[in-house]
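*Asks:*
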Amino acid sequence: MADPRVANGTTLTLSPPGDPLAEGLSSEVLFVEAIRQALFEEMERDERVLVLGEDVGAYGGAFKATEGLLERFGESRVVDTPLSEEAIVGAAIGASMRGLRPVAEMQFIDFVSRAFDLLTNYAAKSRYRTGIGVPMVVRGPSGAGVHGGPFHSQSPEMYFVKTPGLKVVVPATAYDAKGLLKAAIRDEDPVLFLEHKFLYRRVKDRIPDGDYTVPLGKAALRRPGKDLTVVTYGAMLWTALEAAERLAAEGIEAEVLDLRTLLPLDETAVLESVARTSKCVVLHEDTRTAGIGAEIAALISEKAFEFLDGPILRVTAPDTPVPYAPTLEEAFLPDVAALLAAARKLADY
Amino acid sequence: MQTHLSVSQLEEIYGAMALNRLLEERLVNLYRQGKVMGGLYRSLGQEATSVGSAYALAPGDLLVPLIRNLGSVLVRGATPRQVLSQYMARASSPSRGKDCNLHFSLPELGLYSPIAMLGTVIPVMAGMLMAERLKGNATVGLTYIGDGGTSVGAFHEGLNFAAVQRLPLVLVVEFNGWAYSTPYSRQCAAGTLADKAIGYGIPGEVVDGNDVFAVYEATRAAVERARAGGGPTLLECKTYRMKGHAEHDAQHYVDPEELAAWRDRDPLARLEHYLDASGTVPAARRAELHRQMSEALDDDIAWVEAQPMPDPSELTNDVYAVPCGTAEIASAEAPATRSAARLAEAPATRPAARLADGGI
């Protein structure tokens, strides 16, 4: 499959010129290794941190994100569970309520539907109802592009963005994957952490050897530009950056904003960018209706309407399940061409 | 009925069961006066199951009640003022008016709130016990499920996980015959719910849920086994829901003869009969305890009625540890000026041109 986001056999890195983070960076790691390092280092740093899920121990996780943890930390802190998402998330909630910092793995994030009740009703509302916070992370691979079919390819973020009390985090780079996961584990509230499986072994970054975190709730400006803003997150960041490169050749300077956290949303970053460019297109792999694009369009309409020079556009997956056949999946995924078309349309205003 | 409990223990058990009933009678009056804001879910006839099981725990153990386990939370040390404040939605309630009835936590008493989605407390309790074991504590957890609640998936997932992990969990199935209006015959085809324990590889036992001593002894044995590393136990306490699902429900679907038969097995009357027959806590002493509780409840209700409801500003508190603010645009350029300038530029032409092109 010729995925538009990445040329075959290459890995993508993000090192914009003048990036202050470039100082002191040493090792180059894949996205999935960044996740593994975050888990390993947090378990070393804080004995309250434990990992539980299906096949996370001896097998090291379906995507090897927990490899080596069992050997280092033992089975009381790396818990192989039954095939039982409600038990995994429920047990994580209980462990958190008694002072631990659990990280629950969903083998594919699609299966978090089995634990919807525990997350949205128990974890999300606990602090509000009882004053007892539930610091915990539920993490797992999301997204399409690897021919996983309807039940191993979903982007379920908006079911949870609608739930006050949760936080929803979606890293796009290896640097952020590690820094955001560490921040999520240290956060005082329950975090749903979506790792786009297409990125696991396709993006890498040079990251610091030492400890660092990336704050939740803060978007990252990935590329400055004066003509329009592309708001995106997750794997679609790479589509946006490729499109921006091509637009630049046409004389259209697109600003690319990576949300990184969907809940709470970094409203300031979105509004300030739109104030600079006066135009906005939201790009997401999630389906169209009531995706984060709708929320961002409403936000801009309410708070930055006077700055707008054109309609707020959305480039998204269609309102369908994620199909299996490569031809269908490719048609499902938003691509560079669709974003270019939207950007050119906006440029006409 | 028989027991080796001391007189002071018998007084505690009697006191808890009597207070359970007395407090609930007061709540009925308050409900009828419109002072209980939401529903009132009675535990009449089920007091022995709540009190007998909770009484078997040690200090430091954990308990999550269900909505009818008023007796359990009283045994753990929750006060009538806290319970009344919950039902009457006062700022003084442990949930600060955020949630109703027995949906409150008092972690210092090892008491944690259930949620309305039945069965979810079972995996959550399993996680709490896993944490305590990891910390090196021999803490035991007790929670409840109804005969209806055993049909939900979380019951299975939670109990299975606890069994695999050999966690010190005591799960009391409070079999009261009804899930709202649905009888057991339409709930489950198993001969007894205790039979389900076989499928999880754990001990299961049917207990007379209206015999407070039987409930206490069965729970105590399960607690001891759990604390010694023997894993979970499923106790099916057979009792009966003497009222409707909630106060609004006249339970017309219940056979009056069946109800009458269970009225004859009233757990408080059975306890009082034992206390009379054994001479341990005589009627005169019980009357004195009853009078003290009743007077205290008068004070409690007056106190709670004097408490305010939560201030509307409480609405947005405690959604997150640190509030997630919203943003306003902060730009040097005044939007209104800009808008006027744009209007002067040729406002209608651009949309009109787009429409002429066939729209966007």
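Residue numbers (our numbering), protein chains in the order written: chain U, 1 to 349; chain P, 1001 to 1360. Cβ atoms here follow ideal geometry from the backbone N, Cα and C, with glycine treated the same way.
Which residue marks the beginning of the beta strand (DSSP E) containing residue 313 of chain U, and which one marks its end?
*Replies:* Translated into the one-based positions of the first sequence, residue 313 of chain U becomes position 313. First-last of the beta strand (DSSP E) with residue 313 of chain U: 313-317.
*Asks:* Near residue 1262 of chain P, what residues of its chain come up, given a Cβ to Cβ distance below 7 Å and the 5 sequence neighbours on each side ignored?
*Replies:* As a working mapping, residue 1262 of chain P is identified with position 262 in the second sequence. 1045, 1240 and 1242, listed in sequence order.
*Asks:* 8 Å is my cut-off, CB to CB: does residue 1339 of chain P come that close to chain U?
*Replies:* Residue mapping note: residue 1339 of chain P aligns to position 339 of the second sequence, counting from 1. Any answer about residue 1339 of chain P is weak, because its pLDDT of 49 lies below 50 and its placement is not dependable; what the coordinates show is given next. So, interface residue.
*Asks:* Name, in chain order, the residues that DSSP records as bridge partners for residue 27 of chain U.
*Replies:* For the purposes of this step, residue 27 of chain U is taken as the residue at position 27 of the first sequence. Residue 27 of chain U pairs with U/207.
*Asks:* Is the CB of residue 350 of chain U under 8 Å away from at least one CB in chain P?
*Replies:* This structure cannot settle anything about residue 350 of chain U, because the visible part of chain U is limited to 1 through 349.
*Asks:* Reducing DSSP to helix, strand and coil, say where residue 66 of chain U ends up.
*Replies:* In the first sequence, residue 66 of chain U corresponds to position 66, counting from 1. Here residue 66 of chain U sits in coil by DSSP.
*Asks:* From which residue to which residue does the beta strand (DSSP E) around residue 161 of chain U run?
*Replies:* Along the first sequence, read from residue 1 onward, the residue named residue 161 of chain U stands at position 161. Looking at the DSSP string, residue 161 of chain U is not in any beta strand (DSSP E); the run it does join, the alpha helix (DSSP H), is 157-161.
*Asks:* Name the chain U residues that come within less than 9 Å of residue 1099 of chain P, Cβ to Cβ?
*Replies:* The residue you call residue 1099 of chain P lines up with position 99 of the second sequence. Ordered by position in chain U, the residues that pass the 9 Å Cβ test against residue 1099 of chain P are 125, 128, 129 and 130.
*Asks:* Using the Cα positions of residue 171 of chain U and residue 1305 of chain P, report the straight-line distance between them to the nearest angstrom.
*Replies:* For the purposes of this step, residue 171 of chain U is identified with residue 171 of the first sequence, where counting begins at 1. For the purposes of this step, residue 1305 of chain P is identified with residue 305 of the second sequence, where counting begins at 1. So the two alpha carbons sit approximately 51 Å from each other.
*Asks:* Under 8 Å Cβ to Cβ from residue 1229 of chain P, same chain only, skipping five residues before and after it: list those, please.
*Replies:* Looking up residue 1229 of chain P in the second sequence gives position 229. Once the five neighbours on either side are set aside, the close Cβ partners of residue 1229 of chain P are 1166 and 1168.
*Asks:* Is the CB of residue 271 of chain U under 8 Å away from at least one CB in chain P?
*Replies:* Position 271 of the first sequence, counted from the first residue, corresponds to residue 271 of chain U. By this cut-off, residue 271 of chain U is an interface position.
*Asks:* I'd like the span of the alpha helix (DSSP H) that includes residue 1021 of chain P, first residue to last.
*Replies:* For the purposes of this step, residue 1021 of chain P is taken as the residue at position 21 of the second sequence. Run containing residue 1021 of chain P: 1007-1032, per the alpha helix (DSSP H) assignment.
*Asks:* By DSSP's criteria, residue 1289 of chain P is part of a beta bridge. Which residues make up the other side?
*Replies:* Position 289 of the second sequence holds residue 1289 of chain P. Note: residue 1289 of chain P sits in no beta bridge, so no partner.
*Asks:* Apply the 10 Å Cβ neighbour rule to residue 153 of chain U and answer buried if 16 or more other Cβ atoms are within range, or exposed otherwise.
*Replies:* Here the question's residue 153 of chain U lines up with position 153 in the first sequence. Result: buried.
*Asks:* Helix, strand or coil, according to DSSP, for residue 1337 of chain P in the structure here?
*Replies:* In the second sequence, counting from the first residue as 1, residue 1337 of chain P sits at position 337. Residue confidence is low: residue 1337 of chain P scores 48 on pLDDT, short of 50, so the model does not pin down where it sits. Its coordinate-derived value is still stated next. Correct three-state label for residue 1337 of chain P: helix.
*Asks:* Is the closest heavy atom of the ligand ATP to the C-beta of residue 1092 of chain P under 7 Å?
*Replies:* With respect to small molecules bound, the structure shown includes none, and the ligand ATP cannot be examined in it.
*Asks:* Just the C-alpha distance for residue 1281 of chain P and residue 1130 of chain P, rounded to the nearest angstrom, thanks.
*Replies:* Here residue 1281 of chain P corresponds to residue number 281 of the second sequence, with the count starting at 1. Here residue 1130 of chain P corresponds to residue number 130 of the second sequence, with the count starting at 1. Answer to the nearest angstrom: the Cα atoms are 40 Å apart.
*Asks:* Specify the secondary structure class of residue 337 of chain U as computed by DSSP and reduced to three states.
*Replies:* Walking along the first sequence from the start, residue 337 of chain U turns up at place 337. It is helical.
*Asks:* Could you tell me the alpha carbon to alpha carbon distance between residue 1030 of chain P and residue 1101 of chain P, rounded to whole angstroms?
*Replies:* The count along the second sequence starts at 1 and reaches residue 1030 of chain P at position 30. The count along the second sequence starts at 1 and reaches residue 1101 of chain P at position 101. Looking at the two C-alpha atoms, the distance is approximately 13 Å.
*Asks:* CB residue 127 of chain U to CB residue 187 of chain U, shorter than 8 Å?
*Replies:* Here residue 127 of chain U corresponds to residue number 127 of the first sequence, with the count starting at 1. Here residue 187 of chain U corresponds to residue number 187 of the first sequence, with the count starting at 1. No, the pair does not count as a contact, with Cβ atoms beyond the cut-off.
*Asks:* Restricting to Cα atoms, I'd like to know which of U/58, U/44, U/103 and U/79 is closest to residue 193 of chain U.
*Replies:* Along the first sequence, one-based indexing puts residue 193 of chain U at 193. Comparing Cα positions, the closest option is U/103.
*Asks:* Could you tell me whether the Cβ of residue 1294 of chain P comes closer than 8 Å to any Cβ of chain U?
*Replies:* Taking the first residue of the second sequence as 1, we reach residue 1294 of chain P at position 294. Closer than 8 Å: no.
*Asks:* Give the secondary structure of residue 350 of chain U by DSSP, where H, G and I count as helix, E and B as strand, and everything else as coil.
*Replies:* For residue 350 of chain U there is no data in the structure shown, the boundaries of chain U being 1 and 349.
*Asks:* Could you compute how far the alpha carbon of residue 1113 of chain P sits from the alpha carbon of residue 98 of chain U?
*Replies:* Residue numbering aside, residue 1113 of chain P sits at position 113 when the second sequence is read from its first letter. Residue numbering aside, residue 98 of chain U sits at position 98 when the first sequence is read from its first letter. Computed Cα separation, rounded: 13 Å.
*Asks:* Under 9 Å Cβ-Cβ, which residues of chain P neighbour residue 118 of chain U?
*Replies:* Locating residue 118 of chain U in the first sequence gives position 118, counting from the first residue. Result: 1117, 1120, 1123, 1124 and 1154.
*Asks:* Report yes or no: do the region 289-304 of chain U and the region 191-211 of chain U share at least 3 C-beta pairs separated by less than 8 Å?
*Replies:* The region 289-304 of chain U is not in contact with the region 191-211 of chain U.
*Asks:* Looking only at its chain, what residues have a beta carbon closer than 8 Å to the beta carbon of residue 165 of chain U, apart from the 5 residues adjacent to it on each side?
*Replies:* Here residue 165 of chain U refers to the residue found at position 165 of the first sequence. Here the set comprises 123, 124, 125, 126, 127, 128, 189 and 190.
*Asks:* Check this for me: beta carbons of residue 1052 of chain P and residue 1020 of chain P, under 8 Å apart or not?
*Replies:* Position 52 of the second sequence, counted from the first residue, corresponds to residue 1052 of chain P. Position 20 of the second sequence, counted from the first residue, corresponds to residue 1020 of chain P. Cβ distance not < 8 Å, so residue 1052 of chain P and residue 1020 of chain P don't count as in contact.
*Asks:* Determine the DSSP secondary structure at residue 1144 of chain P, reduced to helix, strand or coil.
*Replies:* The residue labelled residue 1144 of chain P in the question sits at position 144 within the second sequence. Residue 1144 of chain P falls in the strand class under three-state DSSP.
*Asks:* Determine whether the Cβ of residue 267 of chain U lies closer than 8 Å to any Cβ atom of chain P.
*Replies:* Taking the first residue of the first sequence as 1, we reach residue 267 of chain U at position 267. Closer than 8 Å: yes.
*Asks:* Would residue 150 of chain U be called buried (16 or more neighbouring beta carbons within 10 Å of its own) or exposed?
*Replies:* Within the first sequence, numbered from 1, the residue matching residue 150 of chain U stands at position 150. Exposed.
*Asks:* What is the DSSP secondary structure of residue 111 of chain U, reduced to helix, strand or coil?
*Replies:* Working through the first sequence from its first residue, we reach residue 111 of chain U at position 111. If DSSP states are grouped into helix, strand and coil, residue 111 of chain U belongs with the helices.
*Asks:* I need the straight-line Cα distance from residue 70 of chain U to residue 57 of chain U, nearest angstrom please.
*Replies:* Mapped onto the first sequence, residue 70 of chain U falls at position 70. Mapped onto the first sequence, residue 57 of chain U falls at position 57. Going by the C-alpha atoms only, they are around 5 Å apart.
*Asks:* Below 7 Å on C-beta distance, what does residue 1107 of chain P contact in chain U?
*Replies:* Along the second sequence, one-based indexing puts residue 1107 of chain P at 107. Within chain U, the residues near residue 1107 of chain P are 132.
*Asks:* Within 10 angstroms of the Cβ of residue 1200 of chain P, are there 16 or more other Cβ atoms? Answer buried if so, exposed if not.
*Replies:* Here residue 1200 of chain P refers to the residue found at position 200 of the second sequence. With 16 or more Cβ atoms within 10 Å of its Cβ, residue 1200 of chain P is classed as buried.
*Asks:* By the criterion of Cβ-Cβ separation under 7 Å, what are the contact partners of residue 84 of chain U in chain P?
*Replies:* For this step, residue 84 of chain U is matched to residue 84 along the first sequence. The contacting residues are 1157, 1160 and 1161.
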